[in-house]
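Okay, so here's the structure we're looking at.
Residue numbers (the working numbering): -8 to 188.
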């Protein structure tokens, strides 16, 4: 049995762009509009699963109440922790850490920013959460509200992209993508669907 999984990235946040992993920013009014527009006419879903960070969970709670759906918060689907780079923009880092930033962009698995979560560890926790979800929600259609990093990882895996291409996967605020997940010989597989609907 497989799971029809729709991935929704949170909308614009109050603190703007940059490296924001563990920082718990709220959505702007534009962020709320982006998310409401993304799900208008979408679904139906059997359940909603969300990152516990406010930029995901606040909208997830509103949508779950509107659609009378069960909401689960899954800590392992939160964003990558960027360590010392949290709250900084790429432009800011270009001033004093341009070499390190370049290494991260070109090989996110091979270079870890100072104090950050290694991308290999991030991948392991996200895929473990998706395995649990796939096992528990077999045959269901699930909306997963999460972050760009989580979505890039899952989409890169589904597309069979090499690891160094992870950060090249485009995921805008309020973007919605469809995946199918399942098990083959006890191994998780991911397949992108052309349309989430």
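Glycine included, every Cβ here is placed at the ideal spot set by N, Cα and C.
Predicted model, so just to flag it, every value in this text is computed and none were measured.
Length of the line joining the Cα atoms of residue i and residue j
| i | j | result |
| --- | --- | --- |
| residue 27 | residue 122 | 28 angstroms |
| residue 4 | residue 47 | 10 angstroms |
| residue 109 | residue 166 | 25 angstroms |
| residue 136 | residue 2 | 10 angstroms |
| residue 53 | residue 41 | 12 angstroms |
| residue 158 | residue 98 | 9 angstroms |
| residue 22 | residue 50 | 10 angstroms |
| residue 91 | residue 100 | 13 angstroms |
| residue 119 | residue 131 | 18 angstroms |
| residue 171 | residue 107 | 30 angstroms |
| residue 151 | residue 45 | 31 angstroms |
| residue 67 | residue 144 | 13 angstroms |
| residue 80 | residue 86 | 10 angstroms |
| residue -1 | residue 25 | 11 angstroms |
| residue 88 | residue 177 | 42 angstroms |
| residue 11 | residue 43 | 14 angstroms |
| residue 17 | residue 64 | 16 angstroms |
| residue 184 | residue 59 | 26 angstroms |
| residue 93 | residue 105 | 14 angstroms |
| residue 182 | residue -8 | 14 angstroms |
Supposed close pair residue i, residue j - CB separation, criterion 8 angstroms
| i | j | result |
| --- | --- | --- |
| residue 125 | residue 95 | Not confirmed; about 30 angstroms, so no contact. |
| residue 39 | residue 146 | Incorrect: roughly 20 angstroms between the Cβ atoms, too far for contact. |
| residue -6 | residue 156 | 25 angstroms between Cβ atoms; not a contact. |
| residue 168 | residue 140 | That pair is no contact at about 14 angstroms. |
Exposed unless 16 or more other CB atoms sit within 10 angstroms - verdict on residue i
| i | result |
| --- | --- |
| residue 201 | Absent from the model: residue 201. The displayed extent of the chain is -8 to 188, so no value can be given. |
| residue 142 | buried |
| residue 30 | buried |
| residue 161 | exposed |
Option in the options with minimal Cα separation from residue i
| i | options | result |
| --- | --- | --- |
| residue 61 | 45, 35, 79 | 35 |
| residue 149 | 84, 180, 6 | 180 |
| residue 55 | 65, 37, 67, 70 | 37 |
| residue 103 | 118, 74, 78, 80 | 74 |
| residue 13 | 77, 20, 115, 163 | 77 |
| residue -3 | 138, 152, 178, 154 | 138 |
| residue 83 | 32, 19, 111, 8 | 8 |
| residue 19 | 177, 164, 182 | 164 |
| residue 6 | 0, 15, 86 | 15 |
| residue 116 | 93, 11, 178, 70 | 70 |
| residue 32 | 11, 10, 57, 177 | 57 |
| residue 154 | 93, 176, 177, 111 | 111 |
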